[in-house]
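Chemist: Quick one: the structure is below, and I'll ask about it shortly.
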Amino acid sequence: MEQFGNIVNKIKCKKCGDVIESLYTHDFKRCKCGAIFVDGGPDYQRIGWPSGNREDWIERLTNDSE
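Take 10 as the starting number for the sequence shown in this note's numbering and just add one per residue.
Have a look at this one:
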């Protein structure tokens, strides 16, 4: 069976620079400016931003990032 490694649910807000990570199911986190959020830990990945392109608001991070 193929292993995919650990799923990391971590993002960085491009508005305030805050890095947030959801570590477990229903672990809802919002950045300090309130523009973005992340939820779900490794079980499901749910992210949100105000409007427009995700790339304008969010930088996806890996386990090795910040």
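From the three backbone atoms N, C-alpha and C, an ideal C-beta is built for every residue, glycine too.
In this text, all values refer to a predicted model and were calculated from it rather than measured experimentally.
Taking the alpha-carbon positions, what's the K24 to N72 distance?
Modeler: Sequence index remark: in the sequence shown, residue 24 carries index 15 (1-based). Sequence index remark: in the sequence shown, residue 72 carries index 63 (1-based). C-alpha separation (whole angstroms): 21 angstroms.
Chemist: Please classify D65: does DSSP put it in a helix, a strand, or coil?
Modeler: Position 56 of the sequence shown, counted from the first residue, corresponds to residue 65. In this structure, D65 counts as helix in the three-state DSSP scheme.
Chemist: Any idea if I45 is buried or exposed, counting beta-carbon neighbours within 10 angstroms, 16 or more meaning buried?
Modeler: Working through the sequence shown from its first residue, we reach residue 45 at position 36. I45 comes out buried.
Chemist: Three-state secondary structure (DSSP) at V28?
Modeler: Position 19 of the sequence shown, counting from 1, holds the residue named residue 28. Three-state DSSP puts V28 in a strand.
Chemist: Under the rule that 16 or more other beta-carbon atoms within 10 Å means buried, what is N15, buried or exposed?
Modeler: Taking the sequence shown and counting its residues from 1, the one referred to as residue 15 is at position 6. Flag for N15 reads exposed.
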